[in-house]
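A.B. asks: Shown below is the structure under consideration.
Numbering (the working numbering), first residue to last: 622 to 689.
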């Protein structure tokens, strides 16, 4: 079994939920807008958990929108 680097583990431990992302944006973005960004590939890179919840790493959030 391979072990992940400490930096990668630390990054994965710093995940943001959708409500945390919206709060960090100062309440200026609605949940609907965030999900429209998701559909169009805008906004920070994010991924879905097995239960369907979305998460974004703090690093991806602070770096800005994902690039195609």
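No residue lacks a Cβ here, since even glycine has one placed at the ideal position from N, Cα and C.
Mind checking which residues open and close the alpha helix (DSSP H) that includes residue 676?
C.D. replies: Careful: residue 676 lies outside any alpha helix (DSSP H), inside the beta strand (DSSP E) at 675-678.
A.B. asks: Looking at the structure shown, is residue 636 part of a helix, part of a strand, or coil, going by DSSP?
C.D. replies: strand
A.B. asks: What's the C-alpha gap between residue 676 and residue 669?
C.D. replies: 6 Å
A.B. asks: Going residue by residue through the region 644-678, where are the continuous alpha helix (DSSP H) segments of at least 4 residues, counting only ones entirely within it?
C.D. replies: 652-661
A.B. asks: If we ignore side chains and look at the alpha-carbon of each, how far apart do residue 641 and residue 674 end up?
C.D. replies: 13 Å
A.B. asks: Residue 653 and residue 666 look like a contact to me (Cβ under 8 Å); what is the Cβ gap, rounded to whole Å?
C.D. replies: Incorrect: roughly 20 Å between the Cβ atoms, too far for contact.
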